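Trainee:
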Amino acid sequence: MRAVVVVILTAATATALLSFGMTAQADAQRVIVKPILQDTYRVKFIQVKVLNDHEGALSGDGEFKMFGGANGKQIFIDTCTPAAGKSDCDGGMNDVSPGEVVKLPASKYVDINVAPGGAINVGAYGIEEDWEGWTPPKLPTWAETTCKPIPGAHYVCDYWPQISKVASWLGAHLNSNEKLGVVNVAYTAPNYPSGNISVRSSTGDYILTFSIEKIGGVSPPLARQQ
Numbered sequence: 488m489r490a491v492v493v494v495i496l497t498a499a500t501a502t503a504l505l506s507f508g509m510t511a512q513a514d515a516q517r518v519i520v521k522p523i524l525q526d527t528y529r530v531k532f533i534q535v536k537v538l539n540d541h542e543g544a545l546s547g548d549g550e551f552k553m554f555g556g557a558n559g560k561q562i563f564i565d566t567c568t569p570a571a572g573k574s575d576c577d578g579g580m581n582d583v584s585p586g587e588v589v590k591l592p593a594s595k596y597v598d599i600n601v602a603p604g605g606a607i608n609v610g611a612y613g614i615e616e617d618w619e620g621w622t623p624p625k626l627p628t629w630a631e632t633t634c635k636p637i638p639g640a641h642y643v644c645d646y647w648p649q650i651s652k653v654a655s656w657l658g659a660h661l662n663s664n665e666k667l668g669v670v671n672v673a674y675t676a677p678n679y680p681s682g683n684i685s686v687r688s689s690t691g692d693y694i695l696t697f698s699i700e701k702i703g704g705v706s707p708p709l710a711r712q713q
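According to the working numbering, numbering within the sequence shown proceeds without interruption in unit steps and concludes at 713.
#1: If contacts are defined as beta-carbon pairs under 8 angstroms, then residue 615 and residue 538 qualify, I think. What distance do you get, rounded to the angstrom?
#2: With distances taken between CB atoms, is the gap from residue 595 to residue 531 smaller than 8 angstroms?
#3: Tell me the DSSP secondary structure of residue 581 in three-state form.
#4: Within 10 angstroms of its Cβ, does residue 702 collect 16 or more other Cβ (buried), or is it exposed?
#5: Where does residue 589 sit, in a helix, a strand or coil, going by DSSP?
#6: Going by C-alpha to C-alpha distance, which of 528, 554 and 533 sits closest to residue 683?
#7: Going along the chain, which residues of its own chain have a beta-carbon closer than 6 angstroms to the beta-carbon of residue 529, five neighbours each way excluded?
#8: Pull up the distance between the alpha-carbon of residue 607 and that of residue 673, whole angstroms please.
#9: Kindly indicate which three-state DSSP category residue 570 falls into: helix, strand or coil?
#10: Would you kindly check if the distance between the Cβ of residue 669 and the Cβ of residue 685 is under 8 angstroms?
#11: So, at 6 angstroms on beta carbons, what are the nonlocal neighbours of residue 696 in its own chain, with the 5 sequence-adjacent residues on each side left out?
#12: For residue 609, count neighbouring Cβ atoms within 10 angstroms of its own Cβ and tell me buried if that reaches 16, exposed if not.
#13: Please report how far the alpha carbon of residue 693 lies from the alpha carbon of residue 603, in whole angstroms.
#14: What residue range is occupied by the uninterrupted beta strand (DSSP E) comprising residue 608?
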């Protein structure tokens, strides 16, 4: 005759076993959360000094249409702000002569997040319009990533190949209007320059003055590891 063993669980025992099972399940699903801290920097475009207006002595003043940016973000560089749905407007940069300095409003900046040890690249490009009209080129997808890690250097980015590629791409895609020189510079931590920075364009058409300022830190989406 086969013996039958009946195990009677008390309420307390059942609760304990259930709790143990739920804890084990939670442990199995638990992940280690490691925040990746980033610093926020503001690249502020301060002024443009015109050296060559691309106009003859009897042709009047130049009409500059320029864009500036940092790490893949770009804005229109002028004393005005483009209306909704527009990519440019006619401000102080639309009537310039050699030696003229166009001071930009405080709103002309981009904020970027940079991982510790990362690089900041700043650039500008544009044309002298001659009232012919133009369509600003949209940067390709690869230009928005902007960061090529340097092997063996954690969080450090090498922007120089990307900068050269962006400059070449822009030169090929701007229309037949007179192209202005390009500004392309990069700085790696901890050597971000302080104060105002002035850089002459590649063709000597203008000098762009900007600043780089740390304005805070952020915690981006948490990195989850099993």
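Every residue gets a Cβ at the ideal spot worked out from N, C-alpha and C, and that includes glycine. Please read these numbers as outputs of a predicted model, since none were measured by experiment.
Mentor: On the basis of the supplied data:
#1: The beta-carbon separation of residue 615 and residue 538, rounded to 12 angstroms, does not stay under the 8 angstroms limit for a contact.
#2: Yes; because the gap between Cβ atoms is below 8 angstroms, this pair is in contact.
#3: Helix.
#4: By the neighbour-count rule (16 or more Cβ atoms within 10 Å), residue 702 is not buried but exposed.
#5: DSSP, read as helix, strand or coil, puts residue 589 in strand.
#6: Among 528, 554 and 533, the Cα nearest to that of residue 683 is on 533.
#7: For residue 529, same chain residues with a beta-carbon under 6 angstroms away, outside a window of 5 residues either side, are 596, 598, 700 and 702 in chain order.
#8: Rounded to whole angstroms, residue 607 to residue 673 spans 6 angstroms at the Cα level.
#9: In this structure, residue 570 counts as coil in the three-state DSSP scheme.
#10: Not a contact, by the Cβ cut-off of 8 angstroms.
#11: Excluding positions up to five away in sequence, the list reads 533, 534, 683 and 685.
#12: Buried, by the Cβ-count rule.
#13: In this model, residue 693 and residue 603 are separated by some 32 angstroms (Cα to Cα).
#14: For residue 608, the enclosing beta strand (DSSP E) stretches over residues 606-615.
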